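Report on the structure given below.
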Amino acid sequence: MSKSEILDPRVTRDFSTSNHDLCRDAVLAFCDSPLYHDNEHRYEENYYGRRLRPHVAKHLDFSQPLTTERLASYEALSANRILFAMNEVDFLMLPGEAPWEEAEFQAAYAESHAAAAHVGMPYLERFLFSLLEKEIRLSDNWSLPAVEEYFRSYATESREVSSLPSAEAIRSSGSPATAARDWLVQLAPDFLIESSPMARYASGNYGRLSSSLFKIIIDELGYGDFERKHSTLFENTMRSAELNSVPHRYWQYYLNGSLMLANYYNRITRNRKYVFRYIGAIYLAETGFITSCRIWRDVLKEALPDLDTRYFDEHCHIDIDHSRMAFDGLVRPAIETYGIFAANEIVRGFEEACWIGEFAEQDFVRQTCWKDSAERNQDRYRQIFDKVHRAWETGEITRDCLDEPKGELSITHTHDGDELCHVVSGEMEFLNGFECSTTLRGDQGIIIEHNRLHGALIHSERCMYEIYNIGDLNRWL
Amino acid sequence: MALKTLRMEEGARILVELPHEKSRLLVHVRENSLSVTSDMCRHRSGPIHLCYTDAAGHRRCPWHDRRITAEERRDDVCAVYWSQRQMLLLVRRDGDATPWPVRKLTP
Ligand code: FES
Ligand SMILES: [Fe+2]
Ligand SMILES: [Fe+2]
Ligand SMILES: [Fe+2]
């Protein structure tokens, strides 16, 4: 008998992400929980609840890696939502003010649920993040002096950055206060559990690097003082903006990009083979944050004068130390000890985190612009509805007819093409996005821009409405 | 400056000169890789970027027609390529501020 003959498969031989059937089963099994079913609340009322639109998941194909052109598609949003929820099986969440629900606690942390999550996560990560290999190409010859040159120049340049797309979007929005609150919501998936991904690296035995990282973790956790914990500071910020600070109360309004960024940090901390990418990414975060937090603090305070800015003040201050500590205590010794592999991976993590961070900013910019265009999108509806209707009559385009009862909520989602929503009778609150709605009654309607997050809530006893799949709005104008 | 950024299409090649080190490098963006190799023939430093392909399909140096076999990887300059933006970043490892001309090669 050979000592290398180990396997004796009964059901599954392949546990890699190439085993599509296994991984797909795991994703759907994970989604099959009352925690995720559609309900009637626009804000998450159940402490462990995450609305995933699970009934749609089986119609999505996560087997082929996403291309950059489809990064804003519904498939990407859905994968990011599911992946974020899957990562939560690793994080202990206990309600403070929110009511205690034992059954939901048991469901959220059930062994079978965690098992499905751990099979599904690498699969969804492969789907979402493979495109980075093509988007970012690196020479494979990085070394400590080159990384030092590059990172030093990044630190100098980032200090001189005077604005960010997110800040400009808030400032130029038709309603800066709402946009500011929306941006706080976009930061929440990461900041409300701040340093949880990082703290995964508190475990193990990896020499001096571990102690360097632990010093940063200590600060993130408020060195044992709950009031100074960074997530507590952010909760205070949210409350001062009259937002609910229970995680993840605003789940339905987390944008694809915001979730993707959080998922990226989850990926490179949960899977320890990415430790060097994480070191590059954390150097980026700690360094970039010094300036980003100043810019965000200023623009948010402008829009929301009563904002508690201590979260941002703390980062403008402590991340000067964290950036230096990340370089001297992590980047440098990692490359000195583990050489070219560590150097290449560190630059990759730095670049990937930066790339997704920019995507998240752009997603927010587009969403803010879409929300601000609510009136214009009603005008456009009026302008093209007759033409669209005729096109449907001649069979040129398709439509869906819906008849929904009072209280029915279409959980927020996106479409890959433009659509036209026409209300036949009744009253619908069309949800353009976070804290932005348009009331539509009989013979009113709106254009729904592709890739933009939206939902709908029915206010009349019944509401009949039609959704026309118009493809590209421009061809009708 | 130890850093340079330039616009560059996929498949393009860049010639980097480091006069101080008496060396010349080729940066090549390919479908799934980004390479930094020496542009100097091992015989007498002939320009590899001007090499030709003979009837048998072998690359040969324009100076004394010797075969150019393996590409010699160099680490004097490191690179990042962002596909969407079609931007190439070059980082000079020694941080030296002396001039280091860079030019795009016509395919
Ligand atoms: S220099 Fe290339 S063959 Fe002599
Ligand atoms: Fe922090
Ligand atoms: Fe920090
Ligand atoms: Fe919709």
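Chains as they are written, first to last, in the working numbering: chain A, 24 to 500; chain B, 7 to 113. Glycine residues also receive a C-beta, built at the ideal position from the N, C-alpha and C atoms. Keep in mind that this is a model prediction, so the values were computed, not measured.
Cβ of B:D60 less than 8 Å from any chain A Cβ?
-> If you number the second sequence from 1, residue 60 of chain B lands on position 54. So no, B:D60 is outside the interface.
Using a threshold of 7 Å, is the CB atom of A:D336 nearer than that to any non-hydrogen atom of ligand 3?
-> For the purposes of this step, residue 336 of chain A is taken as the residue at position 313 of the first sequence. No, the Cβ of A:D336 stays beyond 7 Å of every heavy atom of ligand 3.
Quick one: is A:L30 buried, meaning 16 or more other Cβ sit within 10 Å of its Cβ, or exposed?
-> Along the first sequence, read from residue 1 onward, the residue named residue 30 of chain A stands at position 7. Burial call: exposed.
Candidates A:L454, A:C486, A:N455 and A:L443: closest to A:R464 by CA position | Locating residue 464 of chain A in the first sequence gives position 441, where the first residue counts as 1. Cα-wise, what sits closest to A:R464 is A:C486.
Buried versus exposed call for A:Q129 [16 or more other C-beta atoms within 10 Å across all chains shown] | As a first step, residue 129 of chain A is located in the first sequence; it is residue number 106 there, counting from the start. Classification of A:Q129: exposed, given that the 10 Å Cβ count is below 16.
Grab me the residues of A:S185's own chain with a C-beta within less than 7 Å of its C-beta, minus the 5 sequence neighbours each way, in chain order.
-> Within the first sequence, residue 185 of chain A is the residue found at index 162, counting from 1. The beta carbon of A:S185 lies closer than 7 Å to none in the same chain, with the five residues before and after it left out.
List the residues of chain A that B:W88 touches, going by C-beta distances under 9 Å, in chain order.
-> Within the second sequence, numbered from 1, the residue matching residue 88 of chain B stands at position 82. E158, I159, R160, E374 and W378, listed in chain order.
For A:P212, which option in A:R194, A:S433, A:S254 and A:Y224 has the closest C-alpha, if you only look at C-alpha atoms?
-> For the purposes of this step, residue 212 of chain A is taken as residue 189 along the first sequence, with counting starting at 1. Taking the Cα of A:P212 as reference, the smallest distance to any Cα among A:R194, A:S433, A:S254 and A:Y224 is reached at A:S254.
Rounded straight-line distance, which links the Cα of A:L454 to that of A:Q390 = Residue numbering aside, residue 390 of chain A sits at position 367 when the first sequence is read from its first letter. Residue numbering aside, residue 454 of chain A sits at position 431 when the first sequence is read from its first letter. So the alpha carbons of these two residues sit roughly 12 Å apart.
Cross-strand partners of A:E68 (DSSP beta bridge) | Looking up residue 68 of chain A in the first sequence gives position 45. BP columns for A:E68 are empty, so no partner.
Decide if A:I241 is buried, meaning its Cβ has at least 16 other Cβ atoms within 10 Å, or exposed.
-> Taking the first residue of the first sequence as position 1, residue 241 of chain A is located at position 218. Label assigned to A:I241: exposed.
Selection of the segment 25-41 of chain B by Cβ proximity to chain A, strictly under 9 Å | Residues V33, V35, R36, E37, N38, S39, L40 and S41.
So what does DSSP say about B:Y87, is it helix, strand or coil?
-> Along the second sequence, one-based indexing puts residue 87 of chain B at 81. Looking at B:Y87 - three-state DSSP - the assignment turns out to be strand.
Counting only runs that start and end within the segment 105-163 of chain A, where is the alpha helix (DSSP H) found for 4 or more residues in a row?
-> Within the segment 105-163 of chain A, the complete alpha helix (DSSP H) runs of at least 4 residues are 125-131, 134-152 and 154-158.
If we ignore side chains and look at the alpha-carbon of each, how far apart do A:P57 and A:D395 end up?
-> Translated into positions along the first sequence, residue 57 of chain A becomes position 34. Translated into positions along the first sequence, residue 395 of chain A becomes position 372. Taking the straight line from one Cα to the other gives about 34 Å.
Ligand 3 heavy atom lying under 7 Å from the CB of A:D248 | Indexing the first sequence from 1 puts residue 248 of chain A at position 225. No, the beta carbon of A:D248 sits no closer than 7 Å to any heavy atom of ligand 3.
Can you check whether the CB of A:H445 is closer than 8 Å to the CB of A:F387?
-> To locate residue 387 of chain A, count along the first sequence from 1; it is residue 364. To locate residue 445 of chain A, count along the first sequence from 1; it is residue 422. At least 8 Å separates the beta-carbon of A:F387 from that of A:H445.
So, does the CB of B:L9 fall closer than 8 Å to a CB anywhere in chain A?
-> Numbered from its first residue, the second sequence carries residue 9 of chain B at position 3. Yes, B:L9 lies at the interface with chain A (some Cβ there is under 8 Å from its Cβ).
Report buried or exposed for A:S234, applying the criterion of at least 16 other Cβ atoms within 10 angstroms of its Cβ.
-> On the first sequence, residue 234 of chain A is found 211 positions in, with the first residue counted as 1. Exposed.
Short check: CB of A:Y276 to CB of A:F457, under 8 Å?
-> Taking the first sequence and counting its residues from 1, the one referred to as residue 276 of chain A is at position 253. Taking the first sequence and counting its residues from 1, the one referred to as residue 457 of chain A is at position 434. The Cβ-Cβ distance between A:Y276 and A:F457 falls below 8 Å.
Using a threshold of 8 Å, state whether the C-beta atoms of B:L94 and B:M14 are closer than that.
-> If you number the second sequence from 1, residue 94 of chain B lands on position 88. If you number the second sequence from 1, residue 14 of chain B lands on position 8. Cβ distance < 8 Å, so B:L94 and B:M14 count as in contact.
Closer than 9 Å by beta-carbon distance: list the chain A residues that pair up with B:A18, in chain order.
-> Residue numbering aside, residue 18 of chain B sits at position 12 when the second sequence is read from its first letter. Near B:A18 there are no residues of chain A at all, since even the closest Cβ is about 12 Å away, more than 9 Å.
Since A:F312 is in the beta strand (DSSP E), which residue starts that stretch and which ends it?
-> Taking the first residue of the first sequence as position 1, residue 312 of chain A is located at position 289. First-last for A:F312: V298 to A326, but that is the alpha helix (DSSP H), not the beta strand (DSSP E).
For A:T91, go through chain B and note every residue whose CB falls closer than 7 Å to its CB, in chain order.
-> By 1-based counting over the first sequence, the position of residue 91 of chain A is 68. Contact note: A:T91 reaches chain B through Q90, using a C-beta cutoff of 7 Å and chain order.
A:L323 to A:R204, Cα distance in whole Å?
-> Residue numbering aside, residue 323 of chain A sits at position 300 when the first sequence is read from its first letter. Residue numbering aside, residue 204 of chain A sits at position 181 when the first sequence is read from its first letter. Computed Cα separation, rounded: 8 Å.
Beta bridge counterpart(s) of A:E63 as assigned by DSSP = In the first sequence, the residue the question calls residue 63 of chain A occupies position 40. Assignment of beta-bridge partners to A:E63 by DSSP yields no partner.
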